[in-house]
Each structure stands twice: as C-alpha cells, then as structure tokens.
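All remarks here apply to the structure that follows.
Protein chains in written order, with the working numbering: chain A, 58 to 73; chain B, 8 to 174.
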C-alpha cells in the first residue's frame, strides 16, 4: 500500500 | 498587515494567535498563521495536528481561540486544509471535546457549542469531505447533538459553487 492508502485505511472515527 | 517574522514557526504563531492574554481575537496573528499554513509545504498537516491539540486546552479562552483559528484556516487555506479537517484524525479531536467518553464532561459548554456549530457548518459547506457528514450524523445518532444549531456563519459558504456552463 502507498502512504496515502495506508493512512486512509487507518483513519477511523472514534467510538463515542 | 505586518508579515510574520521568518524565525516564527507554525507553533509559535499559533501560540500567539491563541494566547489567553489576548483580550480579543487577534486577527493579525490569526492571519499570519493562515499565511504560514499556505506557505509551508506540509502546512495543512502540521497545523491540524497543532490545532487538534490546542483546541483541547483546559483554558477556555485558548480553546475557543484555537477553534476560531481553525475556522479562519477553513476560510483562507483552501482545499488542502479542507482535506485535513475532513480526516477522522482531526475530526476525532473535535469529537473528543463533545463525547463524555473523552473530554465531553470537562469541556466548557462554549467550546462544545462552537465545535457543534462548526461541524454543522462544514457538513453543509464541505460536502466533498464525507467524513465530516459521517461524524456529524453519528453525534446526532448518539444524542450528543440534540438538534442542528440555528447559528450558521453564512459568510463561510455563501452559495454552492456554480456549475460550469459547459457541463
């Protein structure tokens, strides 16, 4: 994965 | 407007723009910060990291001024800044200010109100950033936003971008 794709994959909303 | 000293960094400029010693919002400092965000190669990424931290300041004035700086950057720093605020990495820092699982029970009401107003404004004005809509909808679903705020700074996004004539 490229850096952007990896960052996107790890970008999740926190449970509230 | 006086330009920022070359020795200043995004961090020192942000400290000036959000200092609790400022009597009012200091727009010269705020615009100096926005200018630097636009100049630096990784300005949007670095500034969002700094702002995400600063808006969680236990000092209400500092936190509110940090949110004002975020608003100013959204207005003045273009799409590359919008892409950064449209990531959960940044949105989560705003969510933390509202959710009782994180800082929601400690955050001043004024800070929470401003965060909700900003998210509401962005989910309408930055539809190209779907994570903002997702975050706002989840805040409503969780009951952390009871109803849409009546406030909206219409000066932000006066109208949708006109369609190209040759579409």
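Even glycine gets a Cβ: it sits at the ideal position worked out from N, Cα and C.
Residue j beta carbon less than 8 Å from that of residue i
i: residue 142/B; j: residue 102/B; result: yes
i: residue 122/B; j: residue 104/B; result: yes
i: residue 68/A; j: residue 148/B; result: no
i: residue 73/A; j: residue 108/B; result: yes
i: residue 97/B; j: residue 55/B; result: yes
Alpha-carbon to alpha-carbon, residue j and residue i
i: residue 99/B; j: residue 132/B; result: 19 Å
i: residue 64/B; j: residue 70/B; result: 5 Å
i: residue 58/B; j: residue 65/A; result: 20 Å
i: residue 66/B; j: residue 126/B; result: 21 Å
i: residue 37/B; j: residue 79/B; result: 7 Å
i: residue 81/B; j: residue 22/B; result: 18 Å
i: residue 84/B; j: residue 48/B; result: 12 Å
i: residue 51/B; j: residue 17/B; result: 10 Å
i: residue 68/B; j: residue 34/B; result: 15 Å
i: residue 90/B; j: residue 117/B; result: 26 Å
i: residue 110/B; j: residue 14/B; result: 34 Å
i: residue 29/B; j: residue 76/B; result: 13 Å
i: residue 155/B; j: residue 134/B; result: 17 Å
i: residue 45/B; j: residue 63/A; result: 25 Å
i: residue 43/B; j: residue 61/A; result: 24 Å
i: residue 124/B; j: residue 59/A; result: 35 Å
i: residue 129/B; j: residue 106/B; result: 19 Å
i: residue 74/A; j: residue 53/B; result: Examination of residue 74/A is not possible in this model, given that chain A is present from 58 through 73 alone.
Contacts that residue i makes with chain B (C-beta to C-beta distance below 7 Å)
i: residue 68/A; result: 94, 95 and 96
Contacts around residue i, its chain only, beta-carbon distance under 6 Å, and the 5 residues preceding and following it disregarded
i: residue 166/B; result: Model confidence at residue 166/B stands at a pLDDT of 49, short of 50, so the residue's coordinates are unreliable and nothing is read from them.
i: residue 146/B; result: 152
i: residue 25/B; result: 61, 69, 72 and 73
Contact with chain D by residue i, beta-carbon distance below 8 Å
i: residue 113/B; result: As a matter of chain content, chain D is missing from the structure shown, whose protein chains are A and B.
Spatial neighbours of residue i in its chain, beta-carbon cut-off 8 Å, leaving aside the 5 residues before and after
i: residue 113/B; result: 65
Cutoff 7 Å; reference residue i; Cβ partners in own chain excluding five residues on either side
i: residue 88/B; result: 44, 51, 80 and 81
i: residue 138/B; result: 93, 94, 95 and 98
Notebook entry, point to check: Along the region 78 to 109 of chain B, what residues have a CB closer than 9 Å to any CB found in chain A?
Noted result: 94, 95, 96, 98, 99, 102, 103, 105, 106, 107, 108 and 109
Checklist line | Under 8 Å (Cβ pairs) to chain A, residues found in the region 130 to 163 of chain B | finding: 138, 141, 142, 145, 146, 149 and 151
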